[in-house]
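Visitor:
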Amino acid sequence: MPPTRRRLLIAGSLGLAGCASPRGTQPLRRDTVALLDVPTVEWQEASPERHGIPAPTLTAVLDDGVKVEGLRGMVVVRDGFLLGERYYAGAEPDDLQPINSVTKSVTSMLVGKALERGTLRGRLDATVRELLPDAIRKNPDSALGGLTLRAILAGRSGFAWDIFDSSDLANAPDPVAVALGQPRGVPPPSGWTYNDPVVGLVGPILAEAEGTSLAMLAARDLFAPLGIGRYSWRRDRQRRPLAYGGLALRPRDLAKLAWTMCDGGKWRGQQVLPADWVAESTTRHGPADWRVAPVDDVGYGYLWFTGAIGARRVVWGWGYGGQFALFVPEHRLAIATAATSPRRAQLRAQTDAVMQLVARVVEAAKA
Numbered sequence: 122m123p124p125t126r127r128r129l130l131i132a133g134s135l136g137l138a139g140c141a142s143p144r145g146t147q148p149l150r151r152d153t154v155a156l157l158d159v160p161t162v163e164w165q166e167a168s169p170e171r172h173g174i175p176a177p178t179l180t181a182v183l184d185d186g187v188k189v190e191g192l193r194g195m196v197v198v199r200d201g202f203l204l205g206e207r208y209y210a211g212a213e214p215d216d217l218q219p220i221n222s223v224t225k226s227v228t229s230m231l232v233g234k235a236l237e238r239g240t241l242r243g244r245l246d247a248t249v250r251e252l253l254p255d256a257i258r259k260n261p262d263s264a265l266g267g268l269t270l271r272a273i274l275a276g277r278s279g280f281a282w283d284i285f286d287s288s289d290l291a292n293a294p295d296p297v298a299v300a301l302g303q304p305r306g307v308p309p310p311s312g313w314t315y316n317d318p319v320v321g322l323v324g325p326i327l328a329e330a331e332g333t334s335l336a337m338l339a340a341r342d343l344f345a346p347l348g349i350g351r352y353s354w355r356r357d358r359q360r361r362p363l364a365y366g367g368l369a370l371r372p373r374d375l376a377k378l379a380w381t382m383c384d385g386g387k388w389r390g391q392q393v394l395p396a397d398w399v400a401e402s403t404t405r406h407g408p409a410d411w412r413v414a415p416v417d418d419v420g421y422g423y424l425w426f427t428g429a430i431g432a433r434r435v436v437w438g439w440g441y442g443g444q445f446a447l448f449v450p451e452h453r454l455a456i457a458t459a460a461t462s463p464r465r466a467q468l469r470a471q472t473d474a475v476m477q478l479v480a481r482v483v484e485a486a487k488a
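Okay, here's the thing in structure tokens:
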């Protein structure tokens with residue numbers, strides 16, 4: 122049996138802990154760890170029982186995580202308190218874990234901040250041609266020129282993409298050119314398509330609007346306010362941070378992002394993200410074609426998945442293999458998971474197994 126690291130607080134509540142990094146922000150190479158000169162804020166901790174989750178149930182879920190071969194960590198938060206966490210197969214709480222396509226949801230959060238600041242105000246329905254004029258000049262025949270930012274965020278581009286080609290995309294000389302060079306295919310009946318290169322355009326769109334990179338925007342607008350002092354973010358060959366993947370965080374810090382969304386954009390009373398964007402981006406704008414057991418009615422907001430576990434509405438960022446940043450808005454519950462990237466043959470089984478653990482916590486939380 123793989124070794125585990127166990128942490129579950131059965132009683133009491135501990136105060137805030139924090140420390141400051143002595144170094145400032147370091148320039149990222151393709152996947153270098155970045156250190157921010159901000160206090161690394163840790164969770165306040167409390168017993169599960171005090172926040173409506175039976176401790177034996179949560180303990181059983183965390184114990185069963187060892188049975189999921191690719192699971193590396195699980196963090197459970199309710200009402201802004203850390204109720205329990207567990208790490209598997211030698212993983213440690215401070216390890217940076219890849220969150221893969223949950224990066225898309227982080228990108229959505231940054232779009233909301235740009236809308237609030239005014240750099241993208243009124244531009245959700247602007248086209249790629251309007252938002253990236255220089256790139257379109259280099260690709261004047263691109264079928265994506267008339268695509269709106271809103272359609273990209275909602276997964277309604279109409280362009281299909283094989284998710285197993287994403288490693289090749291990251292290594293392409295210019296992923297923007299790859300995106301703009303895609304031929305328009307026949308969209309599925311649902312109208313929803315999952316397309317990494319198209320979502321990848323949101324990074325340059327934000328950089329063009331804000332005058333700085335996606336990683337710097339995240340550091341300023343999300344990571345610093347939430348006390349996330351350490352992360353890594355893969356860059357493409359043009360040194361642009363990937364908008365569709367490549368971010369790695371501590372599971373505790375991924376839980377901060379999920380909790381901030383759950384709390385309407387607030388972190389410890391501070392409005393970090395606009396509440397109206399949190400609501401709009403997590404509203405189901407149409408069906409999604411992906412399924413994960415036992416979630417029903419899977420839909421898509423703006424780079425966030427939506428669905429139901431039993432009678433409870435859930436929203437989550439979904440990374441390849443079962444990295445989840447999931448929250449239950451009406452029950453003030455957030456759960457973050459870390460997992461490895463499995464081979465294609467094991468993908469469905471591992472993803473379902475991780476979500477089934479998450480669902481047990483969701484179902485156990487008392488209203």
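Be aware that the sequence shown starts at 122, since it is given in our numbering, and climbs by one per residue.
We put the beta carbon where it would ideally sit given N, CA and C, even for glycine.
1. Please state whether DSSP places M476 in a helix, a strand or coil.
2. Helix or strand or just coil, what does DSSP make of F448?
3. Taking DSSP as the reference, what is the three-state secondary structure of V232?
4. Touching or not, the stretch 284-294 and the stretch 267-276, by the rule of three or more beta carbon pairs under 8 Å?
5. Here's the rule I'm using: 16 or more other beta-carbon atoms within 10 Å means buried, otherwise exposed. How should A432 be labelled?
6. Put A432 into one of helix, strand or coil per three-state DSSP.
7. Do the stretch 200-212 and the stretch 169-176 make contact, defined as three or more Cβ pairs closer than 8 Å?
8. From R238 to T404, what does the alpha carbon distance come to, in whole angstroms?
9. Per the DSSP calculation, F202 is bridged to which residue(s)?
10. Could you give the uninterrupted runs of the alpha helix (DSSP H) lying entirely in the stretch 290-332, keeping only those of 4 residues or more?
11. Report the three-state DSSP secondary structure of A275 (helix, strand or coil).
12. Rank D374, A235, N260 and G407 by C-alpha distance to the C-alpha of P304 and give the top, closest one.
13. From L338, D317 and P408, pick the residue whose C-alpha is nearest to that of F280; which is it?
14. DSSP on T461, reduced to helix/strand/coil?
15. Just tell me which of G407, R481, S168 and I349 has its CA closest to the CA of P310.
Guide: By the coordinates alone:
1. As a working note, residue 476 is residue 355 in the sequence shown. M476: helix per DSSP, three-state reduction.
2. Working through the sequence shown from its first residue, we reach residue 448 at position 327. Of the three classes helix, strand and coil, the one that applies to F448 here is strand, per DSSP.
3. In the sequence shown, residue 232 corresponds to position 111, counting from 1. Three-state DSSP puts V232 in a helix.
4. no
5. What you label residue 432 is simply residue 311 of the sequence shown in a count that begins at 1. Result: exposed.
6. For the purposes of this step, residue 432 is taken as the residue at position 311 of the sequence shown. Three-state result, A432: coil.
7. yes
8. For this step, residue 238 is matched to residue 117 along the sequence shown. For this step, residue 404 is matched to residue 283 along the sequence shown. Whole-angstrom Cα-Cα distance: 22 Å.
9. Start at 1 with the first residue of the sequence shown, and residue 202 comes out as number 81. Its beta-bridge partners are R199.
10. 296-301, 317-321 and 323-331
11. In the sequence shown, counting from the first residue as 1, residue 275 sits at position 154. Here A275 sits in coil by DSSP.
12. Residue mapping note: residue 304 aligns to position 183 of the sequence shown, counting from 1. Closest by alpha carbon: N260.
13. The count along the sequence shown starts at 1 and reaches residue 280 at position 159. Closest option to F280, Cα to Cα, is D317.
14. In the sequence shown, residue 461 corresponds to position 340, counting from 1. T461 falls in the coil class under three-state DSSP.
15. What you label residue 310 is simply residue 189 of the sequence shown in a count that begins at 1. Measuring from the Cα of P310, the nearest candidate turns out to be G407.
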